[in-house]
Amino acid sequence: MAQMKLSLSVSLFLTLLLLSPSSFAKVSISSKLASKQAEKLIHELNLFPKESDNIVDRDPFPTAASRIVEKRFSFPNLANSSIISFEDLGHHAGYYKIKHSHAARLFYFFFESQGSKDDPVVIWLSGGPGCSSELALFYENGPFSIANNLSLVLNEYGWDKVIN
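According to mature numbering (1 follows the signal peptide of the UniProt record, and there is no 0), the sequence shown holds residues -25 to -1, 1 to 139 in order.
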């Protein structure tokens, strides 16, 4: 009987100890510690930098200028470049200024249709973190493919056959 009273007393004591405010304080202290450790890890990884590398102090393009900055480009390793002139290709690259942003630009390639200038314009958005859109451009639906000798060859299945 004495042993049962002792067991009951110990159980009651442990229950009261677990329900006491000091027990909750220990839990919140450990959760605060975990939160501080997580915050330290985030700062060490620079996931939310105090100073952004992507902010430009001044707009590199004048605001009065056109919203499109464009330049014709050429591919230095295009196979059979003696047969095809770059003027015939109708390919452009440039930056499109994004409204209501701080000097943000969207880079683009534009390929004229090999069929008709009246073919529809298609915007192909691909790429993202860790995967450049140039992979799709040269390995999927772009006007060029990369040959085994690392030269560029015309893609007979490129979308530029039927769209702008």
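For every residue, glycine included, the Cβ atom is placed at its ideal position computed from N, Cα and C.
Check                                                                                                                                        : Outcome
Across which residues does DSSP place HIS66 in a beta bridge pair?                                                                           : PHE86
Smallest Cα separation from PHE82: which of LEU125, SER107, TRP134 and GLU14?                                                                : SER107
Leaving out five residues before and five after GLY102 in sequence, what residues of the same chain have Cβ atoms less than 6 Å from its Cβ? : SER108
Can you give me the C-alpha to C-alpha distance between VAL137 and PHE119, rounded to a whole angstrom?                                      : 15 Å
Find the nearest neighbour of SER91 within the set TRP134, LYS7 and SER10, judged by alpha-carbon distance.                                  : TRP134
Which residues bound the beta strand (DSSP E) around LEU112?                                                                                 : Looking at the DSSP string, LEU112 is not in any beta strand (DSSP E); the run it does join, the alpha helix (DSSP H), is 108 to 114.
Consult DSSP for SER101 and reduce its assignment to one of helix, strand or coil.                                                           : coil
Measuring alpha carbon to alpha carbon, tell me which residue in GLU87, SER6 and GLU14 is nearest GLY117.                                    : GLU87
State the DSSP-derived secondary structure class of SER120, mapped to helix, strand or coil.                                                 : strand
Hey, how far is the Cα of PHE84 from the Cα of LYS15?                                                                                        : 41 Å
Helix, strand or coil: how does DSSP classify LYS92 here?                                                                                    : coil
Verify whether the separation of the beta carbon atoms of ASP94 and ASN123 is less than 8 Å.                                                 : no
When we look at the beta-carbon of LEU112 and count the other beta-carbons within 10 Å, is it buried (16 or more) or exposed?                : buried
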